[in-house]
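2 protein chains.
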Amino acid sequence: MHIIEGTVILKLPEASSEVLLIKNLYLSCDPYMRILMTQGASSYIPGSASHSMPLTGYGVGRVLESGHPDYKKGDLVWGITKWEEYSLVSSDQTLFKIEHTDVPLSYYTGILGMPGMTAYVGFFELCSPKKGEKVFVSAASGAVGQLVGQFAKLAGCYVVGSAGSKEKVDLLKNKLGFDEAFNYKEESDLNAALKRYFPEGIDIYFENVGGKTLDAVLLNMRSHGRIPVCGMISQYNLSQPEGVTNLANLIYKEIKMQGFIVSQFYPLYPKFLEFILPHIREGKIAYVEDIVEGLEGGPAALVSLFSGQNLGKKIVAIAPE
Amino acid sequence: MHIIEGTVILKLPEASSEVLLIKNLYLSCDPYMRILMTQGASSYIPGSASHSMPLTGYGVGRVLESGHPDYKKGDLVWGITKWEEYSLVSSDQTLFKIEHTDVPLSYYTGILGMPGMTAYVGFFELCSPKKGEKVFVSAASGAVGQLVGQFAKLAGCYVVGSAGSKEKVDLLKNKLGFDEAFNYKEESDLNAALKRYFPEGIDIYFENVGGKTLDAVLLNMRSHGRIPVCGMISQYNLSQPEGVTNLANLIYKEIKMQGFIVSQFYPLYPKFLEFILPHIREGKIAYVEDIVEGLEGGPAALVSLFSGQNLGKKIVAIAPE
């Protein structure tokens with residue numbers, strides 16, 4: 001990644017399929033972006049990055065000029081944009097008009113955007129959690145994990161999170177309401193750690209990391225367990241992913257393991273907003289953000305996700321609101 | 001395993017929870033039995049074997065004496081029995097009265113018993129196959145696999161099976177109606193083999209073997225693919241299972257991977273019989289059995305499953321019908 005400076009003309013090109021000119025305000029750092037950079041998984045998300053183009057990703061912006069009847073100058077939007085100060089975006093990409101501005105605008109990169117929907121869909125839609133069930137979340141202080149834990153508490157579940165520093169563990173226990181949390185880097189035996197926190201086993205494992213953690217979790221799942229597979233961040237930077245050896249537990253324990261891409265569920269976004277907005281307004285759900293200022297800090301911000309140096313949802317603030 | 005000879009009294013003990021005395025006619029050799037012998041997975045199936053007791057497993061028998069109102073002397077039954085000539089069985093174990101005797105009685109260890117239900121549930125109930133979908137079955141000539149392939153053809157799917165010998169591959173293509181079949185032992189690159197047979201990818205993978213095969217399949221699944229996890233026979237004799245490295249494909253391809261235990265689905269057995277019996281009677285579904293005579297051949301028969309020396313459903317015939 002490198003920063004390129006240049007001059008742009010702030011005008012919609014004519015006869016273009018890109019119908020909005022927007023000023024980017026916030027850009028979102030998300031682990032899936034790493035996958036697109038190596039695998040070119042063009043089906044994973046539309047408009048994946050290539051080497052000579054700005055990075056593609058989620059962001060929040062303000063419409064400067066609109067060629068689409070649903071949008072007008074001054075509208076705030078969130079969706080797929082590019083890592084640059086001004087972007088031409090197409091309305092056939094993921095794009096939502098922001099209707100509620102009594103909450104922080106940056107939230108539309110997180111709790112009110114793709115990560116929020118991811119936590120909601122993965123936990124509620126895919127797992128159908130029941131009161132009293134035991135939930136384990138990895139990468140638990142991240143953009144998605146911190147919400148899964150809070151959703152689990154709202155659903156009456158017992159929830160434990162794992163994270164990679166004392167600061168994160170404190171956050172989980174003291175601010176985000178997890179029942180327990182542990183620093184996986186301090187556990188030489190993950191299987192033993194899980195047995196300690198889940199003596200009766202795990203009903204729902206919200207999978208964000210893959211590899212060794214998944215392998216230990218499989219030994220500790222209960223019958224009819226559910227594993228929504230949201231991400232496997234521990235594996236994205238490996239040339240050879242770690243082997244998972246305990247998959248036969250899927251059979252013995254009748255486990256459903258389901259990968260998902262949140263964009264398939266965007267028709268549920270209005271339902272999600274109805275659920276989440278009151279909780280935010282009433283202070284019943286917290287959201288921890290880690291904001292860096294300026295596009296020039298973007299590359300380091302994105303890279304920080306993979307060494308776990310972020311604390312909460314990592315965002316690049318591009319311009320004042 | 002060893003054979004023990006002794007004298008038994010052919011009479012129901014009084015005040016016993018075991019309410020039927022049966023003469024075993026056929027015993028079923030099934031891969032899951034291997035798991036019980038090492039892991040003592042008592043929740044996997046009731047009445048798992050211990051070292052000093054006869055092996056527990058599925059079989060077909062005739063009632064000699066009944067202490068239960070639903071059964072009478074002379075009734076034929078299938079369900080969980082023991083590897084011995086005569087057994088005391090409890091009606092709270094899996095036990096079905098055999099109502100249809102115009103088909104081979106041995107079929108109740110296979111196509112009309114647990115393996116048949118396994119193929120039916122795993123393929124139809126868990127996968128909801130659609131016409132034209134591409135189906136891959138491993139251990140395809142086995143007790144379950146040979147049925148999954150035939151069910152896939154009935155559902156209008158394209159189906160390819162893998163097996164471990166030329167004889168099995170011929171059986172799949174020439175007798176069981178698979179579109180294609182290959183000998184996995186002759187493929188140095190399973191990924192390449194799957195790309196050859198599935199240039200557009202796999203919609204449904206019926207998982208019977210685990211390990212390297214699963215890893216190659218994950219690279220070749222299509223979006224919204226389904227993997228019912230029925231068994232992982234390649235792994236049961238390993239002290240350290242093979243690592244599966246391509247699980248991140250679950251995410252990119254939104255794959256559902258679901259382990260299941262067929263006994264949970266036994267309430268569907270009457271519905272299954274309605275489906276399968278006409279197909280058997282009209283000769284539209286074939287079933288290949290590999291029968292050895294005499295209890296003394298039982299241990300070798302069971303072991304043969306794990307080296308793939310069986311050709312079709314392996315059965316031990318204990319007594320003449």
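Here the protein sequences line up with chains A and V, keeping their order. The opening residue of the first sequence carries number 1 in the UniProt record's numbering; numbering runs sequentially from there. The opening residue of the second sequence carries number 1 in the UniProt record's numbering; numbering runs sequentially from there. C-beta atoms are modelled at their ideal positions from N, C-alpha and C, and glycine is treated no differently.
Secondary structure of residue i, DSSP reduced to three states
i	result
Val-144(V)	coil
Ile-45(A)	For Ile-45(A), the pLDDT reaches just 49, beneath the cut-off of 50, and the residue's location in the model is therefore unreliable, although a value from the coordinates is still provided. Note: Ile-45(A) maps to coil in three-state DSSP.
Pro-267(A)	helix
Pro-241(A)	coil
Pro-278(V)	helix
Ile-35(V)	helix
Ser-17(V)	coil
Tyr-252(A)	helix
Glu-321(V)	coil
Leu-25(V)	strand
Leu-10(V)	coil
Ala-300(A)	helix
Ile-233(V)	helix
Leu-247(A)	coil
Glu-293(V)	strand
Glu-85(A)	coil
Leu-64(A)	strand
Ser-162(V)	strand
Val-288(V)	coil
Given residue i as reference, the closest of the options once Cα atoms are compared
i	options	result
Gly-74(A)	Phe-124(A), Pro-13(A), Lys-173(A) and Ile-22(A)	Ile-22(A)
Ile-204(A)	Lys-173(A), Ala-248(A) and Phe-136(A)	Phe-136(A)
Gly-225(V)	Thr-213(V), Glu-85(V), Gly-79(V) and Phe-206(V)	Phe-206(V)
Tyr-197(V)	Tyr-287(V), Asp-70(V) and Val-217(V)	Val-217(V)
Ala-248(A)	Leu-302(V), Arg-34(V) and Ile-3(V)	Arg-34(V)
Leu-55(A)	Ser-304(A), Lys-72(A), Trp-83(A) and Ala-317(A)	Trp-83(A)
Ile-202(A)	Ile-227(A), Met-1(A) and Pro-69(A)	Ile-227(A)
Ala-60(A)	Glu-85(A), Leu-250(A) and Asp-170(A)	Per the sequence shown, the amino acid found at residue 60(A) is Val instead of Ala. With distances taken between Cα atoms, Val-60(A) lies closest to Glu-85(A).
Gly-110(V)	Ser-304(V), Ile-291(V), Pro-299(V) and Glu-296(V)	Ile-291(V)
Pro-270(A)	Phe-96(A), Ile-4(A), Leu-126(A) and Asp-70(A)	Phe-96(A)
Phe-124(V)	Gly-132(V), Ala-140(V) and Ala-155(V)	Ala-155(V)
Asn-310(V)	Lys-11(V), Glu-5(V) and Ser-141(V)	Ser-141(V)
Arg-281(V)	Gln-258(V), Glu-18(V), Asn-174(V) and Pro-104(V)	Pro-104(V)
Ser-239(A)	Leu-20(A), Thr-38(A) and Pro-278(A)	Thr-38(A)
Lys-212(A)	Asn-191(A), Val-169(A), Lys-131(A) and Pro-199(A)	Asn-191(A)
Leu-147(A)	Ser-165(A), Gly-164(A), Gly-177(A) and Leu-126(A)	Gly-177(A)
Gly-149(A)	Pro-199(A), Asn-208(A), Ile-98(A) and Glu-167(A)	Asn-208(A)
Inter-residue Cα distance where the pair is residue i and residue j
i	j	result
Leu-64(V)	Leu-268(V)	28 Å
Cys-230(A)	Ser-162(A)	15 Å
Pro-129(V)	Asn-24(A)	44 Å
Ile-276(A)	Gly-113(V)	49 Å
Pro-241(A)	Glu-187(V)	23 Å
residue 325(V)	Val-77(A)	The question about residue 325(V) has no answer, for chain V in this structure spans 1 to 321.
Gly-283(A)	Ala-119(A)	18 Å
Val-144(V)	Ser-106(V)	15 Å
Thr-245(A)	Leu-214(V)	12 Å
Ile-261(V)	Pro-13(V)	32 Å
residue 403(V)	Lys-253(A)	With chain V running from 1 to 321 in the structure shown, residue 403(V) is simply not present.
Gly-210(A)	Leu-194(V)	25 Å
Val-89(V)	Ser-304(V)	27 Å
Glu-296(V)	Cys-29(V)	13 Å
Gly-122(A)	Asp-70(A)	30 Å
Ser-43(V)	Leu-36(V)	Its pLDDT being 46, under 50, Ser-43(V) is placed unreliably in this model, and the value from its coordinates should be taken loosely. Going from the Cα of Ser-43(V) to the Cα of Leu-36(V) covers about 10 Å.
Tyr-184(A)	Tyr-58(A)	29 Å
Gln-264(A)	Ser-223(V)	12 Å
Lys-313(V)	Gly-298(V)	14 Å
Gly-79(V)	His-100(V)	15 Å
His-2(V)	Ile-318(V)	16 Å
Tyr-173(A)	Ser-307(A)	The amino acid at residue 173(A) is misidentified as Tyr; the sequence shows Lys. Roughly 22 Å separates the two Cα atoms.
Ala-15(A)	Val-8(A)	18 Å
Ala-301(A)	Asp-189(A)	31 Å
Glu-293(V)	Leu-27(V)	10 Å
Leu-20(A)	Ile-233(A)	33 Å
Phe-151(A)	Leu-126(V)	28 Å
Near the ligand PLP: residue i beta-carbon under 8 Å from a heavy atom
i	result
Glu-180(V)	With respect to the ligand PLP, the structure shown offers nothing to examine, as it has no ligands at all.
**Prompt:** Closer than 9 Å, Cβ to any Cβ of chain A: which residues of the region 246-270 of chain V, in chain order?
**Reply:** Asn-246, Leu-247, Ala-248, Asn-249, Leu-250, Ile-251, Tyr-252, Lys-253, Glu-254, Ile-255, Lys-256, Met-257, Gln-258, Gly-259, Phe-260, Ile-261 and Gln-264
**Request:** Enumerate, from N- to C-terminal direction, the unbroken alpha helix (DSSP H) stretches of 4 or more residues contained entirely within the region 95-154 of chain A.
**Result:** 114-120 and 145-154
**alpha helix (DSSP H) segments (min. 4 residues) lying fully within the region 175-225 of chain A** = 190-197 and 211-220
**Contact set between the region 7-29 of chain V and chain A, restricted to residues whose Cβ is under 8 Å from the partner** = none
**Near-chain V residues of the region 128-145 of chain A (beta-carbon distance less than 7 Å), N- to C-terminal order** = none
**Asked** What residues in the region 292-312 of chain A have a beta carbon less than 7 Å from any beta carbon of chain V?
**Response** none
**Item:** Contacting positions in the region 198-219 of chain A - beta carbon closer than 7 Å to chain V
**Value:** Gly-210
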